[in-house]
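First comes the structure, then the notes that go with it.
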Amino acid sequence: MTDVMEHNGGTNGSGTVSNGTAPTGPAAGVPATGTAEPDAANRIAEIRVRIDEIDRALIDLWQERAALSREVGATRMASGGTRLVLSREQEILERFRQSLGADGTQLALLLLRAGRGPL
142 MTDVMEHNGG
152 TNGSGTVSNG
162 TAPTGPAAGV
172 PATGTAEPDA
182 ANRIAEIRVR
192 IDEIDRALID
202 LWQERAALSR
212 EVGATRMASG
222 GTRLVLSREQ
232 EILERFRQSL
242 GADGTQLALL
252 LLRAGRGPL
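For the sequence shown, the numbering used here begins at 142 and goes up steadily by one.
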C-alpha cells in the first residue's frame with residue numbers, strides 16, 4: 142500500500158511519518174483528523190467512516206469490472222474475434238468524460254487497462 146502524506150505535516154494517518162519514524166515537531170501533537178477541536182474532530186471521524194465504506198465499495202466494483210472485462214475479452218478471442226473493440230473503448234471514454242470531465246477520461250483509461258491490460 143502507498144503511504145499518503147497529509148497536509149498537516151507528513152503523517153500517513155497511522156501516527157508515523159511516511160518514512161516509518163515517529164512524528165516529531167509541530168505534527169507530533171496534531172490529531173489524525175487535523176484539528177484539536179472536539180466537535181470538528183468527531184464530525185471528521187464520522188465522515189471518514191463513510192469515505193472508507195465508499196472506498197471498499199469502489200475497490201470491490203473495480204475488481205468485479207476488471208474480471209468481467211477480462212471475461213468478455215477471452216470470450217471474444219476464443220470465438221475468433223479481436224482482442225479489443227476500439228469503438229467500445231471510445232464509448233466508455235466519452236461516457237466518463239461527459240460525466241466527470243478530464244479526470245473522468247483518466248479514470249476510464251485506468252479502468253480499461255485494468256480489464257484488458259496495457260496496449
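Glycine included, each C-beta is placed from N, C-alpha and C at the ideal position.
Quick caveat: nothing in here was measured; it's all calculated off a predicted structure.
Compute the Euclidean distance between the alpha carbons of residue i and residue j, then round it to the nearest angstrom.
i      : j      : result
Gly245 : Gln231 : 13 Å
Glu194 : Ala182 : 19 Å
Gly166 : Ala177 : With a pLDDT of 49 at Gly166, under the threshold of 50, the predicted position of this residue should be treated as unreliable, though the coordinate-derived value follows. Those two C-alpha atoms are separated by around 16 Å.
Arg197 : Gly221 : 37 Å
Glu235 : Leu209 : 20 Å
Any idea if residue i is buried or exposed, counting beta-carbon neighbours within 10 angstroms, 16 or more meaning buried?
i      : result
Gly256 : buried
Ala249 : buried
Short of 8 Å in beta carbon distance, which residues of its chain neighbour residue i, apart from the five on each side in sequence? Order them along the chain.
i      : result
Thr223 : Arg217
Measure how close the beta-carbons of residue i and residue j come, nearest whole angstrom, since I'm counting them as under 8 Å.
i      : j      : result
Leu241 : Arg206 : At roughly 16 Å, the Cβ-Cβ gap does not stay under 8 Å, so Leu241 and Arg206 are not in contact.
From the DSSP output, in three-state form, read off residue i for me.
i      : result
Arg224 : coil
Who are the near neighbours of residue i in its chain, counting only those whose CB is closer than 6 Å to its CB and skipping five residues on each side?
i      : result
Leu225 : none
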